[in-house]
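K.L.:
Once you've had a glance at the structure underneath, I'll fire off some questions.
Numbering (the numbering used here), first residue to last: 55 to 491.
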């Protein structure tokens, strides 16, 4: 083994100067020509970091000691390795600045794009922002996961949930502690209303040994939870456990400044896809629909229908919502019916819809894909359909930059880009891009 490889063997301590942020929450430093991605640092700091693992020309490391701290370092509370805390040691204004740097770097390297002038990231209160969360069960423990492991940690201690929800988790934890070690539940999806007066849970049961009726009954009776459902697989019909396992969000709560809103509520189950920040939900919806034009609206990866139904409420009279996930699609169909059937629901993959669709390329298309972004097939078919305006909602800057480059090669121009800090103290960045052709 040569000296360079020996220097970065797992467990080695390195003195490093931190240069800049990387996608994912680590910071970039260099040692003997090798890139070191460091957890728990801030650009400009000198730190002593312990190498976790190495591969080829890159190593991962975590801060053990701060040699020269940056002015934006702040004390943290709770378990710093618990999920959702990767930026918790950084003053909040600096977090936003670093996230903008991450976007600019990904756009330049991957997308061959410059950021539009004035691109900003909308801030969020740092505590109590989550509308939904997945909690993992190991033995009789319930919580988020420690970074890089399958061990649960104290979710309430991260501050992402409201104090009331933290109390509910404590009660759930006490119920779990009374059960046998193999309780038959692997995870819990929790969803609550913006006001916090509804809180539903979905229990994901072990495939080989599902939870007993007694365990489910005990969890279903926990005070502060308004309804519980359970299933083994995502494709399975949910089993009713207790109460009403659905959050029914009044449109007036989501969009308080809008004059025209559906009288019905937007319903969602805990396992359905929905945006996660109660404080920025209205701003995000308004930004997506700000570029609404006359003509058809097509909402791809529509989830429970928040953008499609808001577009219909804004006056669009030809709205199509496409969703394949069985849970989200069920909620989407129910929401469309409750809103008077003004939205056409298509239950199939985006790729299958685009292959079969004969829609004219007018109006506006909205895409809100998963973290993996658009598939090559979807990108090509969207470009071939050629909608004059495309609004792309992204939860992953790298795949967004990749897709914007491909769409740019197909003739689209990036007209506007806005960020939303849906998950403070994490490296997550929600972006909304408007493209035109």
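We treat Cβ as the ideally placed atom computed from N, Cα and C, and that holds for glycine.
All values reported here derive from a predicted model rather than from experimental measurement.
From 72, 76, 304, 110, pick the residue whose C-alpha is nearest to that of residue 63; which is it?
P.N.:
Checking every option, the nearest Cα to that of residue 63 belongs to 110.
K.L.:
So, with DSSP's three-state summary, where would you put residue 407?
P.N.:
It is helical.
K.L.:
Suppose only complete runs of 4+ residues qualify. What are the alpha helix (DSSP H) ranges in the segment 206-245, listed by chain order?
P.N.:
If we require 4 residues or more, the alpha helix (DSSP H) runs fully inside the segment 206-245 come out as 217-231.
K.L.:
Give me the residue from 154, 453, 250 with the minimum Cα distance to residue 423.
P.N.:
Out of 154, 453, 250, 453 has the C-alpha closest to the C-alpha of residue 423.
K.L.:
Counting Cβ pairs, one atom from each stretch, are 3 or more of them under 8 angstroms apart for the segment 429-445 and the segment 454-464?
P.N.:
Touching, per the Cβ criterion.
K.L.:
Does the beta-carbon distance from residue 113 to residue 88 come in below 8 angstroms?
P.N.:
Result yes, Cβ atoms of residue 113 and residue 88 sit closer than 8 angstroms.
K.L.:
In angstroms, rounded to a whole number, what distance separates the CA positions of residue 144 and residue 121?
P.N.:
Approximately 16 angstroms between the Cα atoms of the pair.
K.L.:
For residue 191 versus residue 241, is the C-beta spacing smaller than 8 angstroms?
P.N.:
A contact, by the Cβ cut-off of 8 angstroms.
K.L.:
Which stretch, first to last residue, makes up the beta strand (DSSP E) that contains residue 165?
P.N.:
Unbroken run through residue 165: none, as it is neither H nor E.
K.L.:
Rounded C-beta distance between residue 186 and residue 245? I'm assuming under 8 angstroms.
P.N.:
Residue 186 to residue 245, Cβ: 4 angstroms. Contact.
K.L.:
Do you know how far the Cα of residue 383 is from the Cα of residue 398?
P.N.:
Their Cα atoms are separated by approximately 12 angstroms.
K.L.:
Under DSSP, the beta strand (DSSP E) around residue 259 begins and ends at which residues?
P.N.:
It spans 253-259 - the beta strand (DSSP E) in which residue 259 sits, taken as one unbroken run.
K.L.:
Quick check: residue 118 and residue 67, are their CB atoms within less than 8 angstroms of each other?
P.N.:
For residue 118 and residue 67, yes; Cβs fall inside 8 angstroms.
K.L.:
Inspect the beta-carbon positions of residue 93 and residue 82 and report whether they are closer than 8 angstroms.
P.N.:
No, Cβ-Cβ distance for residue 93 and residue 82 is not below 8 angstroms.
K.L.:
Which two residues bound the contiguous alpha helix (DSSP H) that contains residue 173?
P.N.:
Premise fails: residue 173 is in no alpha helix (DSSP H) and is neither H nor E.
K.L.:
Checking 8 angstroms against the spacing of the C-beta atoms, do residue 472 and residue 178 come in under that value?
P.N.:
Against a cut-off of 8 angstroms, the Cβ pair of residue 178 and residue 472 comes out as no contact.
K.L.:
From residue 270 to residue 264, what distance separates their C-alpha atoms?
P.N.:
Cα-Cα distance, rounded: 10 angstroms.
K.L.:
Restricting to Cα atoms, I'd like to know which of 301, 426, 107, 184 is closest to residue 251.
P.N.:
Residue 251 has its Cα closest to that of 301, out of 301, 426, 107, 184.
K.L.:
Whose C-alpha, out of 232, 442, 321, 363, is nearest the C-alpha of residue 253?
P.N.:
Of the candidates 232, 442, 321, 363, the one whose C-alpha sits nearest the C-alpha of residue 253 is 321.
K.L.:
Going by Cα to Cα distance, which pick from 226, 136, 333 is closest to residue 310?
P.N.:
Here the closest residue by C-alpha is 333.
K.L.:
Under a three-way DSSP split, which group does residue 381 fall into?
P.N.:
In the structure shown, residue 381 sits in a helix (DSSP, three-state: H, G or I).
K.L.:
When the Cβ atoms of the segment 310-319 are set against those of the segment 371-383, are three or more pairs found closer than 8 angstroms?
P.N.:
Segments in contact, no.
K.L.:
For the alpha helix (DSSP H) that residue 141 lies in, which residues bound it at each end?
P.N.:
Element bounds for residue 141: n/a, residue is neither H nor E.
K.L.:
With a 10 Å radius around its C-beta and 16 neighbouring C-beta atoms as the bar for buried, classify residue 232 as buried or exposed.
P.N.:
Burial call: exposed.
K.L.:
I need the DSSP call for residue 73, collapsed to helix, strand or coil.
P.N.:
In this structure, residue 73 counts as coil in the three-state DSSP scheme.
K.L.:
Give the straight-line distance between the Cα atoms of residue 174 and residue 193, rounded to the nearest whole angstrom.
P.N.:
Each residue's Cα considered, the two are about 43 angstroms apart.
K.L.:
Which value, in whole angstroms, describes the spacing of the CA atoms of residue 142 and residue 134?
P.N.:
The straight-line gap from Cα to Cα measures roughly 8 angstroms.
K.L.:
Less than 8 angstroms between the beta carbons of residue 211 and residue 132, yes or no?
P.N.:
In this structure, residue 132 lies closer than 8 angstroms to residue 211 by Cβ.
K.L.:
Could you check what DSSP says for residue 185 in three-state terms: helix, strand or coil?
P.N.:
Coil, per DSSP.
K.L.:
With DSSP as the reference, label residue 485 as helix, strand or coil.
P.N.:
Note: residue 485 maps to strand in three-state DSSP.
K.L.:
In or out: residue 125 buried (at least 16 other Cβ within 10 Å) or exposed?
P.N.:
Exposed: under 16 other Cβ atoms inside 10 Å.
K.L.:
Going by DSSP in three states, residue 274 sits in which element: helix, strand or coil?
P.N.:
DSSP places residue 274 in helix when its eight states are reduced to three.
K.L.:
Is it a yes or a no for the segment 435-451 touching the segment 474-488, going by three-plus beta-carbon pairs under 8 angstroms?
P.N.:
In short, these stretches touch, since the Cβ pair count reaches three.
K.L.:
According to DSSP, is residue 454 part of a helix, a strand, or is it coil?
P.N.:
Residue 454: helix per DSSP, three-state reduction.
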